[in-house]
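Colleague: The structure's right below; bear with me while I get my questions together.
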Amino acid sequence: MPKGEAQTVSADAVDVNAALPRVVLFDFDGVLMHGDAFYLFMRERYRRSWWRPLLALLSTPLLLLQLPFSRRLPARVLVRIALLGLGERHYQAAANAFAASLARRPRQFCRDGLQALRRHQAQGDRVIVVTGCEHTLVSGVLQQLGLTDLEILASQLRRGWLGMRPLRHNVGRRKVQALAGHGVTAWQVAYGDSMFDVAMLKPATEAVLVNGTPALCKKVEKALGRAITRVEWF
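Each residue of the sequence shown is one higher than the one before, counting from 0 in numbering that gives the first Met the number 0.
Below you can see the structure in the form of structure tokens.
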């Protein structure tokens, strides 16, 4: 290929890359919302049923046996109990109803985080919410908040014999895997709030830690091997 033609192709590639929108990632719990949405939903499921707490209490010996090996195993058992008897259609109805009630709670959501997300949308950025919260629930909450045109990569449930059950918990490295499966391999900005977000923050051109303590900030920077941007959002 002639030298001049090679330079033209290279310039065209630069122009194409410059024209692509920036990819901006947001965690949900702790970044756009104060607290954990799925935990609050599970707590509500227990509160509205007399037999679920009783069944959880009867399961205590099993939970205690699992606890030394993993904190996730007892949590999965408690989630299974909370979702017992719920088919896919009824689960979606329950999750959407709770999302609507959650969105109306005062001071439940991070005003600064929601404003930042809307600014990125207004600037033409490609905004993706990458969260460990369950997909139906987080989608319902964001819709109730008036946030549309968002891509959402979240945890998944699946149908079981006795009700919905966890399929994929979208945390840690699984967030990066979910992004790759979604065709996203590079991003310019990522907002997270914990060490669980390090895998997502590391490839970002700008890694932003939301409401992190000085100790957490040092741990995240050590894990990333570089400085991060810290923001205090309310």
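Heads up, the beta-carbon is just placed ideally off N, CA and C, and yes, glycines get one too.
Can you tell me the Cβ-Cβ gap for T184 and A206, rounded? I've got them flagged as a contact below 8 Å.
Modeller: Here residue 184 refers to the residue found at position 185 when the sequence shown is read from its first residue. Here residue 206 refers to the residue found at position 207 when the sequence shown is read from its first residue. At roughly 17 Å, the Cβ-Cβ gap does not stay under 8 Å, so T184 and A206 are not in contact.
Colleague: Since I believe V78 is in contact with P165 (beta carbons under 8 Å), could you give me their beta-carbon distance rounded to a whole number of angstroms?
Modeller: What you label residue 165 is simply residue 166 of the sequence shown in a count that begins at 1. What you label residue 78 is simply residue 79 of the sequence shown in a count that begins at 1. Rounded, the Cβ-Cβ distance is 6 Å, consistent with contact.
Colleague: Do Q155 and G134 come within 8 Å of each other at the CB atom, strictly closer than that value?
Modeller: The sequence position of residue 134 within the sequence shown is 135, counting from 1. The sequence position of residue 155 within the sequence shown is 156, counting from 1. Note on residue identity: the sequence assigns His, not Gly, to residue 134. Against a cut-off of 8 Å, the Cβ pair of Q155 and H134 comes out as a contact.
Colleague: Helix, strand or coil for D111? Go by DSSP, reduced to three states.
Modeller: Taking the first residue of the sequence shown as 1, we reach residue 111 at position 112. D111: helix per DSSP, three-state reduction.
Colleague: With a threshold of 8 Å, are at least 3 pairs of Cβ atoms found where one atom belongs to the region 117 to 130 and the other to the region 83 to 98?
Modeller: With a cut-off of 8 Å, the region 83 to 98 and the region 117 to 130 do not count as touching, because too few Cβ pairs lie within range.
Colleague: Using the beta-carbon count (16 or more within 10 Å), is R173 buried or exposed?
Modeller: Within the sequence shown, numbered from 1, the residue matching residue 173 stands at position 174. Result: buried.
Colleague: Among F195, Q65, A102 and E43, which residue has its Cα nearest to the Cα of H33?
Modeller: For the purposes of this step, residue 33 is taken as residue 34 along the sequence shown, with counting starting at 1. The candidate whose alpha carbon is nearest that of H33 is A102.
Colleague: When DSSP labels each residue in this structure, what does V230 get in the three-state scheme?
Modeller: As a position in the sequence shown, residue 230 is number 231, starting the count at 1. V230: strand per DSSP, three-state reduction.
Colleague: What is the DSSP secondary structure of T130, reduced to helix, strand or coil?
Modeller: Here residue 130 refers to the residue found at position 131 when the sequence shown is read from its first residue. Three-state DSSP puts T130 in a strand.
Colleague: Would the region 123 to 134 and the region 23 to 33 be scored as touching if the rule is three or more Cβ pairs under 8 Å?
Modeller: Judged by Cβ distances under 8 Å, the region 123 to 134 makes contact with the region 23 to 33, as three or more pairs qualify.
Colleague: Mapping DSSP to helix, strand and coil, what is S322?
Modeller: Any answer about residue 322 is impossible in this case: the structure gives the chain only from 0 up to 233.
Colleague: Whose C-beta lies closer than 8 Å to the C-beta of L152 among residues of the same chain, with five residues either side of it excluded?
Modeller: The residue given as residue 152 occupies position 153 in the sequence shown. Around L152: I127, V128, V129, T130, N169, K174, A177, L178 and H181.
Colleague: Below 8 Å CB to CB, which residues in the same chain sit around E43 once its five sequence neighbours on both sides are set aside?
Modeller: Here residue 43 refers to the residue found at position 44 when the sequence shown is read from its first residue. So the qualifying residues of the chain are F97.
Colleague: Tell me, to the nearest whole angstrom, how far the beta carbon of L200 is from that of G191; I am working on the premise that it is less than 8 Å.
Modeller: Translated into the one-based positions of the sequence shown, residue 200 becomes position 201. Translated into the one-based positions of the sequence shown, residue 191 becomes position 192. With 8 Å as the limit, L200 and G191 qualify as a contact, their Cβ atoms being about 5 Å apart.
Colleague: Determine the burial state of G29: buried for a count of at least 16 other Cβ atoms within 10 Å of its Cβ, exposed for fewer.
Modeller: What you label residue 29 is simply residue 30 of the sequence shown in a count that begins at 1. Looking at its Cβ environment, which holds 16 or more other Cβ atoms inside 10 Å, G29 is buried.
Colleague: Assuming A36 and V140 form a contact by the criterion Cβ under 8 Å, report the distance between their Cβ atoms to the nearest whole angstrom.
Modeller: Position 37 of the sequence shown, counted from the start, is the residue given in the question as residue 36. Position 141 of the sequence shown, counted from the start, is the residue given in the question as residue 140. Indeed they touch by this definition, with Cβ atoms about 6 Å apart.
Colleague: Measure the beta-carbon distance from L31 to G84 and round it to whole angstroms, keeping in mind my assumption that it falls under 8 Å.
Modeller: The residue given as residue 31 occupies position 32 in the sequence shown. The residue given as residue 84 occupies position 85 in the sequence shown. With a Cβ gap of about 31 Å, L31 and G84 do not count as contacting.
Colleague: Run the CB neighbour count on F233, radius 10 Å, all protein chains shown included, and call it buried at 16 or more, exposed below.
Modeller: Position 234 of the sequence shown holds residue 233. By the 10 Å Cβ count, F233 comes out exposed.
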